[in-house]
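Participant:
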Amino acid sequence: MNLNRRNFLKALGLTGVAVGAGKTLNATSVKKDSDKEFYAILYDSTRCAGCQGCEWECALQHGLPDPDLEDIPEVGKIRKTDENRRTVINVYSTSKGDVYVKNSCKHCNQPACAAACLTQAMHKTEEGPVIWRDRKCMGCRYCMVSCPYDIPKFDYHSSNPDIQKCDMCWDRVKEGKLPACVEGCPAGALSFGLRRDMIAEARKRINDNPELYHDHIYGEHEAGGTSVLYLSPVPFEEIGFNTSVMNKPYPELTKGFLYSVPSIFVLWPAMLLGIQKATSRKNNQTEDENE
Amino acid sequence: MKMSSSDIVLSKENDRKSIRSFLVRELKPKGKLFTPFNLISVPVIIMGIIIIVIRFAKGLGAVTNLTQETPWGLWIGFDVVTGVAFAGGAYVITFMVYILNLRQYHTIVRVTVLNGFLAYVFYAGALLLDLGKPWNVINPIIGNSFGVSSVLFLVAWHFLLYMIAELIEFSPAIAEWLGAKRARKILSGMTLGAVILGITLSTLHQSGLGALYLMAKEKIHPLWYSEFIPILFFVSSIFAGLSMVIFEGSISYKVFSDQISAKDHKSHHNIIHGLAKVCTITMFVYLFLQILAFVHGKNYEYLGTRMGNWYLAEMLGFVLLPMILFFYSYRKRNLLIIKVAAIVTMLGIIINRLNVTIIGYNWDAAVQYYPTWKEIVVTLTIIFIEIWIFRWIINRMPVLREAPSWAKY
Ligand code: SF4
Ligand code: SF4
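Chains E and V are the protein sequences, given in the same order.
Note that the working numbering has the first sequence beginning at 181, numbered continuously upward.
Note that the working numbering has the second sequence beginning at 37, numbered continuously upward.
(1) When you compare the CB of M132 (chain V) with every CB in chain E, is at least one pair closer than 8 Å?
(2) Runs of 3 residues minimum, wholly inside the stretch 304–333 of chain E: which ones carry the beta strand (DSSP E) assignment?
(3) Step through the CB atoms of chain E and report whether any lies within less than 8 Å of the CB of P447 (chain V).
(4) Residues of chain V with CB under 9 Å from M318 (chain E), in chain order?
(5) Report the partner residues of A220 (chain E) according to the DSSP bridge assignment.
(6) Short check: CB of E212 (chain V) to CB of G152 (chain V), under 8 Å?
(7) Ligand 1 and K286 (chain E): does the residue's C-beta get closer than 7 Å to at least one heavy atom of that ligand?
(8) Let me check you understand the geometry: is the CB of P431 (chain E) closer than 7 Å to at least one non-hydrogen atom of ligand 1?
(9) Helix, strand or coil for T415 (chain V)? Go by DSSP, reduced to three states.
(10) Going straight from the alpha carbon of S441 (chain V) to that of P449 (chain E), what length do you get?
(11) Using a cut-off of 8 Å between C-beta atoms, extract the partners of Y430 (chain E) located in chain V.
(12) What residue range is occupied by the uninterrupted alpha helix (DSSP H) comprising D300 (chain V)?
(13) What are the boundary residues of the beta strand (DSSP E) that K273 (chain E) is part of?
(14) Find out if the Cβ-Cβ distance for the pair C477 (chain E), A367 (chain E) is shorter than 8 Å.
(15) Reducing DSSP to helix, strand and coil, say where D166 (chain V) ends up.
(16) Where do the ends of the beta strand (DSSP E) carrying K375 (chain V) lie?
(17) Kindly indicate which three-state DSSP category L154 (chain V) falls into: helix, strand or coil?
(18) Using a threshold of 8 Å, state whether the C-beta atoms of L323 (chain V) and V80 (chain V) are closer than that.
(19) Does DSSP classify Y439 (chain E) as helix, strand or coil?
(20) Just to check, is the beta-carbon of G454 (chain E) closer than 7 Å to a non-hydrogen atom of ligand 2?
(21) Would you please verify whether the beta carbon of K94 (chain V) is less than 8 Å from any beta carbon of chain E?
(22) Hey, how far is the Cα of I317 (chain V) from the Cα of L165 (chain V)?
(23) How big is the Cα-Cα spacing for D330 (chain E) and W346 (chain V)?
(24) Taking just the CA atoms, how far does K333 (chain E) sit from L150 (chain V)?
(25) Whose C-beta lies closer than 8 Å to the C-beta of Y156 (chain V) among residues of the same chain, with five residues either side of it excluded?
(26) Using the C-alpha atoms, what's the distance from I269 (chain E) back to E254 (chain E)?
(27) Would the beta-carbon of G356 (chain E) fall within 8 Å of that of F218 (chain E)?
(28) Quick one: is S273 (chain E) buried, meaning 16 or more other Cβ sit within 10 Å of its Cβ, or exposed?
(29) Using only the heavy atoms of ligand 1, determine whether one of them is closer than 7 Å to the beta carbon of A292 (chain E).
(30) Against chain V, does Y398 (chain E) count as a neighbour if the rule is that its beta carbon must be under 8 Å from one of theirs?
(31) Taking DSSP as the reference, what is the three-state secondary structure of N283 (chain E)?
(32) Just to make sure I have the definition right: I need the residues of chain C whose C-beta is within less than 7 Å of the C-beta of T239 (chain V). Which are they?
(33) Under 9 Å between beta-carbons, which chain V residues line up against Q456 (chain E)? List them in chain order, please.
(34) Determine the chain V residues that contact A292 (chain E) at a beta-carbon separation under 8 Å, and present them in chain order.
(35) Let me know if E237 (chain E) comes out buried or exposed under the rule of 16 or more other beta-carbons within 10 Å of its beta-carbon.
(36) Going along the chain, which residues of its own chain have a beta-carbon closer than 7 Å to the beta-carbon of H287 (chain E), five neighbours each way excluded?
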């Protein structure tokens, strides 16, 4: 009953589709910021041994095909996530020797993918994981266009294609369990907890061991802050990170446009009607004079 | 010859019969069957439909070159984004006729609105071919999952509402064809409202198509990415649409010349000159905005690079040049140069939209996207089917030809 009323109100709001757009955008982002601290994963590349244990655990957990035994991390080769794998390990040769890096969805605090999604299939949960929902998705791939990290992947060879991306094992997190990769990592490179605590932990590791770490937590501010945080022994551009991402949340880029929509919806018709009245009167007058 | 069921009270039986014979008569093709256009378009359409079937059976990868890095290709970049820009003529012309009351443009309203409507149905409809799960397209419409913070949500809704607005604007012609006098009266009464709604929606979704790409900040070449994309898309849709009107008009006036009265023939020249003037002004504004975006983005460093040259070619060859041509031909009242200018402008719009959506998108990626021949055939299929339907309607409804005498007020 309650729900129906809400839906009804929502539908009402649709008459001013656009009017809703600006307002709701504002409301949700405000709520999410203050409500609850997100969970986050801290990945420490100085501890990662490149064993690909996380890749195996992830595949098992999400019913994806086993990782290809031939396809292992190699310097100079960039392995990418795709429709069959949600996380990959790569290795880079750096000023401090070979460094392994895990790549997957960053679970942005204000995700571009979710702001882009017109069906709310991409959804930032209150717990922090950004999840994808099969029944809502229409496969438009706008999330792929918008994600600054090129994370969502699409199955181009299926007649009912899914979007594939890490969901931080949301099903497990809801039950109070650790994400599969965190639980399965034998080297202790992955930790899981509240984002605030993970940042504190990362800071502490850098302070305790300044020679080992490059002094930067990737994900603390990138793309407006993310729920996957990275530590590295070397500057992040050396290990293939996108360092040109801005520190503002990506949805901000469309906010200006979306905010202007309601005012145009109010102003335009009024203005058009005004011009119409003015010009038709003028025309009538000239016609009168001619007669 | 017109159906007059609403005039004479017929018995039900008779009514049904005459409706059937009316339908049979109107559904039959008119004119010659073996024209060059038919000979080319029919095989393409058949091939296109086969490819579409394969696409739905085996997935997008079976017929397109789309990749994980380039999720939107020709069907979005050309069919939807460029096609809708060309359909902009409808809102500009209705603005001139119904809002500014420039009555001299009235003769081309119907054909332009019809063109706009069909363009939306087909080009925006091309979006469905590109969706991975098209059956879920109802989700953002029926209201169980509104992604209200999405620009695409806005654009999709506006497409839908705008199609309805254009259908209302065109509906008097349908009523005249069916001989429905009362319906015509009611429908024409709704025109102004539909026009106002249509212009508002067009402003927003023409710019919205540009705003779609705002979040792809690092992916689009800086020469084509700026926060001005929405405004640039909007302003360019004005002269894109009008160039299409000029181009399409000059073809229609040859192909369907039997439908057009001598009076209309003469006024058509004046109309084209007027449109050339509007094109000149809006292109000037557009060029100014482009320069503003260029300076604002501090893009000097890219000049001299490969993409920089391409950018200059677009701005000089396909905006500045046609603008000068429009200006010159308007002053000299030279119809031929106007047509040339319109064609160059249209090429420029295609280049610009593809630069944002495909060529400049991930311009530095290792593997560049280029469409497969199958994607191109499907695009042609959509265009050809649209022309077929356009022709079918023109030959039957009073679009170019004058409305029946009872419909004059
Ligand atoms: S990294 Fe990309 S897919 Fe993941 S939450 Fe951020 S925007 Fe979405
Ligand atoms: S592909 Fe699916 S998840 Fe991505 S934006 Fe479109 S509807 Fe949303």
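Beta carbons: idealized from backbone N, C-alpha and C, even for Gly.
Model, not experiment: these values are computed from the prediction.
Facilitator: Concretely, from the data shown:
(1) Walking along the second sequence from the start, residue 132 (chain V) turns up at place 96. By this cut-off, M132 (chain V) is not an interface position.
(2) 310–312
(3) Only positions 37 to 445 of chain V appear in this structure, which leaves residue 447 (chain V) out of reach.
(4) In the first sequence, counting from the first residue as 1, residue 318 (chain E) sits at position 138. Ordered by position in chain V, the residues that pass the 9 Å Cβ test against M318 (chain E) are L167, G168, K169, P170, W171, N172, V173, I174, N175, P176.
(5) Residue 220 (chain E) sits at position 40 when you count from the first residue of the first sequence. BP columns for A220 (chain E) point to E:G373.
(6) Here residue 212 (chain V) refers to the residue found at position 176 of the second sequence. Here residue 152 (chain V) refers to the residue found at position 116 of the second sequence. No, the pair does not count as a contact, with Cβ atoms beyond the cut-off.
(7) Counting from 1 along the first sequence, the entry for residue 286 (chain E) is found at position 106. The answer is yes for K286 (chain E).
(8) For the purposes of this step, residue 431 (chain E) is identified with residue 251 of the first sequence, where counting begins at 1. Checking every heavy atom of ligand 1 against the Cβ of P431 (chain E), none is found closer than 7 Å.
(9) Reading the second sequence from its first residue, position 379 is the one you call residue 415 (chain V). Helix, per DSSP.
(10) Within the second sequence, numbered from 1, the residue matching residue 441 (chain V) stands at position 405. Within the first sequence, numbered from 1, the residue matching residue 449 (chain E) stands at position 269. Cα to Cα, the separation comes out at about 33 Å.
(11) Along the first sequence, read from residue 1 onward, the residue named residue 430 (chain E) stands at position 250. The contacting residues are M251, K253.
(12) Counting from 1 along the second sequence, the entry for residue 300 (chain V) is found at position 264. Per DSSP, D300 (chain V) belongs to the alpha helix (DSSP H) from 298–332.
(13) Counting from one through the first sequence, the residue named residue 273 (chain E) turns up at place 93. Note that residue 273 (chain E) corresponds to Ser in the displayed sequence, not to Lys. From DSSP, the beta strand (DSSP E) with S273 (chain E) extends over 268–274.
(14) Since the displayed chain E opens at 181 and closes at 471, residue 477 (chain E) lies outside it and no answer follows.
(15) Within the second sequence, numbered from 1, the residue matching residue 166 (chain V) stands at position 130. In the structure shown, the three-state DSSP call for D166 (chain V) is helix.
(16) In the second sequence, residue 375 (chain V) corresponds to position 339, counting from 1. Unbroken run through K375 (chain V) is the alpha helix (DSSP H), 371–390; no beta strand (DSSP E).
(17) Walking along the second sequence from the start, residue 154 (chain V) turns up at place 118. It is helical.
(18) Here residue 323 (chain V) is taken as the residue at index 287 of the second sequence, counted from 1. Here residue 80 (chain V) is taken as the residue at index 44 of the second sequence, counted from 1. It is not a contact, given that the beta carbons lie outside the stated cut-off.
(19) The count along the first sequence starts at 1 and reaches residue 439 (chain E) at position 259. In the three-state scheme derived from DSSP, where H, G and I count as helix and E and B as strand, Y439 (chain E) is classed as helix.
(20) Counted from its first residue, the first sequence places residue 454 (chain E) at position 274. Flag unset: Cβ of G454 (chain E) not near ligand 2.
(21) To locate residue 94 (chain V), count along the second sequence from 1; it is residue 58. Chain E contact via Cβ: present.
(22) Sequence index remark: in the second sequence, residue 317 (chain V) carries index 281 (1-based). Sequence index remark: in the second sequence, residue 165 (chain V) carries index 129 (1-based). If I take the Cα positions, the gap works out to 37 Å.
(23) Taking the first residue of the first sequence as 1, we reach residue 330 (chain E) at position 150. Taking the first residue of the second sequence as 1, we reach residue 346 (chain V) at position 310. Looking at the two C-alpha atoms, the distance is approximately 26 Å.
(24) Here residue 150 (chain V) refers to the residue found at position 114 of the second sequence. Here residue 333 (chain E) refers to the residue found at position 153 of the first sequence. Distance between the alpha carbons of L150 (chain V) and K333 (chain E): 39 Å.
(25) Position 120 of the second sequence, counted from the start, is the residue given in the question as residue 156 (chain V). If we look at Y156 (chain V) and ignore the five residues flanking it on each side, its Cβ neighbours are V120, A123, F195, Y198, M199, E202.
(26) What you label residue 254 (chain E) is simply residue 74 of the first sequence in a count that begins at 1. What you label residue 269 (chain E) is simply residue 89 of the first sequence in a count that begins at 1. Straight-line Cα distance between these residues: approximately 9 Å.
(27) Translated into the one-based positions of the first sequence, residue 356 (chain E) becomes position 176. Translated into the one-based positions of the first sequence, residue 218 (chain E) becomes position 38. No, Cβ-Cβ distance for G356 (chain E) and F218 (chain E) is not below 8 Å.
(28) Position 93 of the first sequence, counted from the first residue, corresponds to residue 273 (chain E). Per the 10 Å Cβ criterion, exposed.
(29) Start at 1 with the first residue of the first sequence, and residue 292 (chain E) comes out as number 112. Yes, since a heavy atom of ligand 1 falls inside the 7 Å radius drawn around the Cβ of A292 (chain E).
(30) Numbered from its first residue, the first sequence carries residue 398 (chain E) at position 218. Not closer than 8 Å to any Cβ of chain V, the Cβ of Y398 (chain E) fails to qualify, so no.
(31) The sequence position of residue 283 (chain E) within the first sequence is 103, counting from 1. Strand.
(32) Judged by its chain identifiers, the structure shown contains no chain C, and its protein chains are E and V.
(33) On the first sequence, position 276 is the one that residue 456 (chain E) refers to. Chain V residues near Q456 (chain E): Y134, I135, L136, N137, L228, V231, I232.
(34) The sequence position of residue 292 (chain E) within the first sequence is 112, counting from 1. Residues of chain V whose Cβ lies closer than 8 Å to the Cβ of A292 (chain E) are, in chain order, M251.
(35) For this step, residue 237 (chain E) is matched to residue 57 along the first sequence. Residue environment analysis places E237 (chain E) among the buried positions, since at least 16 neighbouring C-beta atoms fall within 10 angstroms of its C-beta.
(36) Along the first sequence, one-based indexing puts residue 287 (chain E) at 107. If we look at H287 (chain E) and ignore the five residues flanking it on each side, its Cβ neighbours are G308, P309, V310, M348, T406, S407, V408.
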